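Heads up: the structure comes next, in structure tokens.
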Amino acid sequence: MKILSWFLVIVGVCGLISVRMLEDQIFYDPFLKYFHEADVQIAIPQFEWGKLILSHIFRFLLNLFFSCVIIHFLFRNKIWTIQGAILISIFFVITFPIYLYCISDRFEIGHLFSFYMRRFVIQPLIILLIVPLFYYRKQMMLRNSNY
Numbered sequence: 591m592k593i594l595s596w597f598l599v600i601v602g603v604c605g606l607i608s609v610r611m612l613e614d615q616i617f618y619d620p621f622l623k624y625f626h627e628a629d630v631q632i633a634i635p636q637f638e639w640g641k642l643i644l645s646h647i648f649r650f651l652l653n654l655f656f657s658c659v660i661i662h663f664l665f666r667n668k669i670w671t672i673q674g675a676i677l678i679s680i681f682f683v684i685t686f687p688i689y690l691y692c693i694s695d696r697f698e699i700g701h702l703f704s705f706y707m708r709r710f711v712i713q714p715l716i717i718l719l720i721v722p723l724f725y726y727r728k729q730m731m732l733r734n735s736n737y
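Have a look at this one:
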């Protein structure tokens, strides 16, 4: 059973990598090129708010799904998987409106700040905090059960 769990963790990681690799084909994001260029003098691209918001939400849902697969099959704990999904969702609910404000403000708040807010919205960076957190939690539970 451990082999299957590790295989599914790898599938989750490959899913996250695939979302990143195929981002220009499956998501509407006119800011991909804009933030890829290092020149802040480039004009902000034209975009449609509705398509942009729906695309980011769709991307979030895909990242959430693959992140939950990773969490679930690493720790084999349904409650922790739900907690991970809630933490990831809270993070998105906080950062997404800030990023939308940056766009509406035409990145006047700062190009670098906007770049990183976008990074937090489109990338599942919070998984890099959740996995070590849950691993530590598991170790503490095992340690406490031995006493």
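Sequential numbering from 591 applies to the sequence shown in the working numbering. Just so you know, even glycine gets a beta-carbon here, dropped at the ideal spot from N, CA and C. Bear in mind that the values here come from a model prediction, so they are computed numbers and not experimental data.
query	result
Helix, strand or coil at A754 according to DSSP, with G and I counted as helix	A query on residue 754 cannot be resolved here, the shown segment of the chain reaching from 591 to 737 and no further.
At least three beta-carbon pairs within less than 8 Å, the region 603-622 to the region 643-655	yes
Where G700 falls: helix, strand or coil (DSSP)	coil
Run of the alpha helix (DSSP H) containing E613, from where it starts to where it stops	E613 to I616
Run of the alpha helix (DSSP H) containing I643, from where it starts to where it stops	W639 to F665
Residue span of the alpha helix (DSSP H) that contains P620, given as start and end	Run containing P620: none; DSSP gives neither H nor E here.
Under the three-state DSSP convention, the category I720 falls into	helix
Buried or exposed (CB count within 10 angstroms, at least 16 for buried), P687	exposed
Where Q713 falls: helix, strand or coil (DSSP)	coil
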